[in-house]
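Protein chains: 6
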Amino acid sequence: MYYHEPELQYEVTVEEPDPHFASLLQQAIGGVEGEMRVALQYMFQSWSIPATHEPYRNLLMETATEELGHIEMLASAVTKNLRGSPKSPDEDIEAARSATEQNPRQFLSAGESAMPVDSNGVPFTGGYIVASGNLAGDLYANVMAEATGRTLATRLWEYTDDPGMKDMLSYLIARDTMHQNQWLAALESLDDPVPVPGSFPQSEENQEVNYSFMSTRRNPREDPEQPWTTGSSPDGKGEFSFLAEQPGGNEVVAPDPDSVTHDEPEG
Amino acid sequence: MYYHEPELQYEVTVEEPDPHFASLLQQAIGGVEGEMRVALQYMFQSWSIPATHEPYRNLLMETATEELGHIEMLASAVTKNLRGSPKSPDEDIEAARSATEQNPRQFLSAGESAMPVDSNGVPFTGGYIVASGNLAGDLYANVMAEATGRTLATRLWEYTDDPGMKDMLSYLIARDTMHQNQWLAALESLDDPVPVPGSFPQSEENQEVNYSFMSTRRNPREDPEQPWTTGSSPDGKGEFSFLAEQPGGNEVVAPDPDSVTHDEPEG
Amino acid sequence: MYYHEPELQYEVTVEEPDPHFASLLQQAIGGVEGEMRVALQYMFQSWSIPATHEPYRNLLMETATEELGHIEMLASAVTKNLRGSPKSPDEDIEAARSATEQNPRQFLSAGESAMPVDSNGVPFTGGYIVASGNLAGDLYANVMAEATGRTLATRLWEYTDDPGMKDMLSYLIARDTMHQNQWLAALESLDDPVPVPGSFPQSEENQEVNYSFMSTRRNPREDPEQPWTTGSSPDGKGEFSFLAEQPGGNEVVAPDPDSVTHDEPEG
Amino acid sequence: MYYHEPELQYEVTVEEPDPHFASLLQQAIGGVEGEMRVALQYMFQSWSIPATHEPYRNLLMETATEELGHIEMLASAVTKNLRGSPKSPDEDIEAARSATEQNPRQFLSAGESAMPVDSNGVPFTGGYIVASGNLAGDLYANVMAEATGRTLATRLWEYTDDPGMKDMLSYLIARDTMHQNQWLAALESLDDPVPVPGSFPQSEENQEVNYSFMSTRRNPREDPEQPWTTGSSPDGKGEFSFLAEQPGGNEVVAPDPDSVTHDEPEG
Amino acid sequence: MYYHEPELQYEVTVEEPDPHFASLLQQAIGGVEGEMRVALQYMFQSWSIPATHEPYRNLLMETATEELGHIEMLASAVTKNLRGSPKSPDEDIEAARSATEQNPRQFLSAGESAMPVDSNGVPFTGGYIVASGNLAGDLYANVMAEATGRTLATRLWEYTDDPGMKDMLSYLIARDTMHQNQWLAALESLDDPVPVPGSFPQSEENQEVNYSFMSTRRNPREDPEQPWTTGSSPDGKGEFSFLAEQPGGNEVVAPDPDSVTHDEPEG
Amino acid sequence: MYYHEPELQYEVTVEEPDPHFASLLQQAIGGVEGEMRVALQYMFQSWSIPATHEPYRNLLMETATEELGHIEMLASAVTKNLRGSPKSPDEDIEAARSATEQNPRQFLSAGESAMPVDSNGVPFTGGYIVASGNLAGDLYANVMAEATGRTLATRLWEYTDDPGMKDMLSYLIARDTMHQNQWLAALESLDDPVPVPGSFPQSEENQEVNYSFMSTRRNPREDPEQPWTTGSSPDGKGEFSFLAEQPGGNEVVAPDPDSVTHDEPEG
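Chains as they are written, first to last, in our numbering: chain E, 562 to 828; chain C, 562 to 828; chain R, 562 to 828; chain A, 562 to 828; chain Y, 562 to 828; chain P, 562 to 828.
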């Protein structure tokens, strides 16, 4: 069950409103690297955790709840970049018009507000959310989400010169540093998770190719002697090898379709 | 530039055709955990890599090329499950009808063939693909993709009793073991990648909250003393701490919108 | 069964072609507030109405048919804004280039024509259409569709200075006025529709919380004494009350998953 | 800023786990009528409200926060329907298999958990969310959302015989009753909102057709004398009339495209 | 401008209501091969045609208008398959339950009505619509749409045993025969349309490879002497040849990214 | 099974990097007319072809494999347009900023790289892919794909003045010429494919309307005596005729819904 207070988690100020930056901030709200994704991803992951793993359930839900507050901060930043300049009535329409240059819908559909879309106006989708039921897989998904999220935030930080926006982003970047670290710490706390899923008996997987790098070069080449072609594998369960060629099986051929499919071209 | 041979990478046989299993296999073709996603993801990542990181570019592209062959194996498995039973002309329509029970489009739209959709018939989307330009972030995305992909493959393996399908899946599961390990090995070969992106100066991030777990419980609680609230952080650059409360900034409030938005409700 | 005449419902003229405005008009064609949505929404609603409610079926279908003509008017406005300027052959490519500034696909994919997409180029989707089978719910959906549609049209009207475009929009705005009113009139003609669906016996709903505002503030506050916390409810069937706290049930906890899901992280 | 407690808003129990019902419940989580939509819709609407309308901002945000808790209740109901039966290890795979009959991804992708998708497995999309910036339009969108949401909940209530599920749904139906009423009360509290947007000067709209029902029958018919063709309009600002024919403007014709579009078919 | 009459274009009767068939019919309404696609596709194509090609504009619009009537026929077929059985009040819920087996939303979201979705419940999308501005390209798109549409209709015809449904489908199949032929006749009436677009000067295209089949086999093979490797090309402008190898250009390599992208992985 | 060599199929050079052109090139990568669509479309079609039609299976797969290489060429062109200018460190941020003008995600999400999206940033979708199982229908889909693809390429060619880009496009345009011709040659090699599907007995289709043009004009008009209203049909199996009116069947009317749908509006 959730609760709210009208205070933001961290203050959001804009010195020089910039409608173009308002459109870029949408990526951090409704984009694949954005806060809607992480908030909902951590929630759905949390709801799949059984009683035996309570500390992980709490970890996921408390972080999900924090991320909701980050959507709020960014939505506030959007309205302040779109609406924030004091202006005479005569300047109104020009301000609105400039808002249509990048994401017309921030003016046309939302009346100068934030939207659940990315920086190209593509709607947020549940397809971004990874909640596999397997905790280790989910934690890797979370490291990835925070890694791409922090990368996005640093690019926005590079883009803007506004001190208020730089300060807000430096806060969000710091939180992403923490969140990357906490998911890695949670992964380290698991007992032998790799290869994911850890509970599948490896004896059932094909033993010929489970630690071999198969080159797919047309013209076979020498072992490049990279950390992924030689030496022990990171899971500590195998030795990497290099196969210059793919092994090859039978030829691909589809059985004849049933006549009622009318797949046959002839009349 | 790509090349092809009609041989499959590994043989695909089906002893007892099962149209329902054909619909489930779609998840491994066009689903978020599927082979279309990894093949294309590794390609796009490879195309962003500059000359300075050639071994990674090769690693990504050679694996992408292998994954194309996995789509092919799975597509072959789908037609063999849909069309494979020898049957009298009279049984044709019943076979086709049974194919509509789970994914009607395998019969209606594809004439008993594989499709670029998931097991619910939702089309594959480029929105699944992560190619951030940042190599470390991309490698974490790849670990995650292989972790959820292997989890999917083990669930399909549990589902089916067909020896041919179990054998094909045991091959794919083994390849996912290799791929998880190779991406982890590539991550280990990078110099100090966490927090991602490593090139952003951490001095620019907010120093108050970059290694603190902020609890979002309504009713403040004790430090649970978990690996993510105490001790050194996995990146070796900070000490975890626990904040029982979120800090709080100014109140969220939107500036007045421009009059031309007609946001005001009154007439 | 449908018919067509080549005449538009209302004349469409453009004095000063404006490719950027052509991209904004797409919102009124293929956007969530646009004419494709209302035309198809009213059609699908009409097709669900049984013989007992014939006047509503006619109302819905006649309005749907009018809306088809509005798509046509807007498509005509788009081509006139994109192609309308008399120009020398030399100016051709510059005109086409300027058309790529906002929605490149109006040039690249459509050869300077209207498209079934919104102002950001996001395709129209059937997911916008509300046709619930319940007439009262559908009529509220229609009021909403016309309210947001008229708001969009007024924002486009504010944006443009072109007399032809302003005249066309003043026509469409007027039709939206009518349509808002007709759906409200239809709602008023229904016998006791709120709460929707009216046919569900209210005695079956939880009697403790069906007219209570539950505050979700973290820090409980006083009843704000608003029209939604005190007094009679608009449906005339209850008295509003204010609960300073959410009631609370059992703790959320997921049962253990089956072993074949491989949800367990450990190896 | 948000907070959470592990307690559910209302208790969720399942007596007879039913995997098929688990797939239907997805409609109330990630479907267009579901709780993700209302939670996020009310949030985004709240973030667009300026200081002058604070009570509405609070109303929207407090309700949004409650709706987050409804997603949680439903996600709990899904895991209890998928995983809830005590079973022998031998029965595991059969339970999982039965879970693939309707929504295979609840087993394949989520390990028997809830997902951010609808009952057909189509992902939730931000395209469902209406937050127009105009308060009256948004409130009508909210009435509609609660009307279709309550209709969905009553259909789920009719479907299930499980006492725990019926009890949970009777709670959610009651909350939808309240929410429909609160949005209507908020609409009534606005000063003259129809036609939306109220601030657009109606003198600018076409005065010939703003209160006329235009019949689109091919064969003109008599005025059916319905509440939407005669009498005062609900906004109190016009008198309905009936036009047996659409007026008609100029013919639709596209200007010649620029030569660089290569629209011309001839070689 | 459009008109409507309540009569269907062809009568629709159902002798044995079949809820599963109702879900399959959705493919012909909102699927990629369905009537929503062709109706809208032909409309948008028509709106792009300039005055010089009036007969084609009429051809497109008159056919578009007919296709609207086909959506109506199919929507009627859906309600008759879902609702059509006379039943006692006690049987109501069982009928509704059976409707949830394939497409739960026909019951849950639409109250036993047709929806703008395909047979898997995936919403119709404007992304299906091809309206390129180039008439010859559009006509080929229309041949394809009718070819896949007729194939779908024959598969539905094979599936059902209901005489009413078979009769309706035999009507729609006949119309698809006509439409395939009319688009081919229109293509034949164009002056030299291939290669599309015909107005691009072929002298500007690379003359080395414009009529050569380039084999992409890994192991080069002999010319298979097929109609696409030897002889005159169908456009009458070239002679086919066979290249056993792809030519090959420079190596793919991305330039170094700007430092502000933070693409570099190292810290 | 697939193979790769690091060489491009044809060289890609950029003299004057143009970030705006980089955003337009996305249409040829991830757009409906783009190379991802044709590569995957031909693959899925190939996988459905039985042994009896081996030359077509090879034709489809070899062309699919070539198209993969075209995605690679275009991705290379994108990075060269985004990153290619030699610049001082100070100019970095300006270069990155200019990249956000059209498609912000090329900078924000991809670090100045190509993405699997179209020129408006809309993700590639499997919904673009046509693979019907019927060879003739698929070949028409391929003619259409190459026709709209070549049209797109000529528009990009017109847009750019860069000699390198013009040269690359002239290569791709030439390949589209070949591919249009090869699909037409393959169609000609089929025995009597029209109307598609050729194997459905035409005697089962309605014989009254299978070669008649039905006018849908509101006001009936004379036979326009066009190639599609008179003379022999292109399939050689009928004579075109002109019907000034649609025939008309019974009235559309939905049966009463079951009571548990709660479709009835009254309380």
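Ideal placement from N, C-alpha and C gives every residue a C-beta, glycine not left out. The structure presented is a predicted model; accordingly, all values stated were derived computationally and were not measured.
Which of helix, strand or coil DSSP assigns to residue i
i	result
R:G828	The predicted position of R:G828 is uncertain, since its pLDDT is 43 and thus under 50; no value can be drawn from it.
Y:Y772	coil
A:P686	The displayed chain sequence assigns Thr, not Pro, to residue 686 of chain A. Of the three classes helix, strand and coil, the one that applies to A:T686 here is strand, per DSSP.
P:E719	helix
P:V678	strand
Y:Y701	helix
C:P567	coil
Extent of the continuous alpha helix (DSSP H) to which residue i belongs
i	result
E:S637	615–644
E:L601	596–608
A:L669	665–669
C:P580	580–591
C:E655	653–660
Within chain P, partners of residue i - CB distance below 7 Å
i	result
E:A815	W608, S609, I610, P611
Partner residues on chain R for residue i, Cβ-Cβ distance less than 7 Å
i	result
E:V683	V683
Exposure label - residue i; buried when at least 16 CB within 10 Å
i	result
Y:R782	exposed
C:D723	buried
R:S680	buried
A:G828	In this prediction, A:G828 scores a pLDDT of 42, lower than 50, which makes its location untrustworthy; the coordinate-derived value is nonetheless stated afterwards. Result: buried.
P:A697	buried
P:A636	buried
E:A805	exposed
C:G792	exposed
Rounded separation between residue i and residue j - CA only
i	j	result
C:P665	Y:L585	7 Å
Y:S773	P:W744	13 Å
Y:A735	P:E766	5 Å
C:D653	Y:L730	20 Å
A:R658	E:P684	33 Å
R:T640	P:R778	23 Å
C:F668	Y:A692	28 Å
R:F582	C:E769	47 Å
C:P758	P:T613	54 Å
Within chain R, partners of residue i - CB distance below 9 Å
i	result
Y:M676	F605, G687, I690, A692
Residue interval of the beta strand (DSSP E) (run including residue i)
i	result
Y:L733	Y:L733 -> not in any beta strand (DSSP E); alpha helix (DSSP H) instead, spanning 724–750.
C:E800	800–804
Residue i beta carbon near the ligand NAP (any heavy atom closer than 6 Å)
i	result
R:S674	Questions concerning the ligand NAP fall outside what the structure shown contains, since it holds no ligand whatsoever.
Proximal chain Y residues relative to residue i, where beta-carbon distance stays under 8 Å
i	result
R:Q743	The premise fails here: R:Q743 is roughly 17 Å from chain Y at the closest Cβ pair, so nothing lies under 8 Å.
C:Y571	Within chain Y, no residue comes near C:Y571; the closest Cβ sits about 17 Å away, beyond 8 Å.
Where residue i meets chain Y, residues with beta-carbon distance less than 9 Å
i	result
E:R782	Going along chain Y, no residue has its Cβ under 9 Å from E:R782, so there is no contact; the nearest lies around 14 Å.
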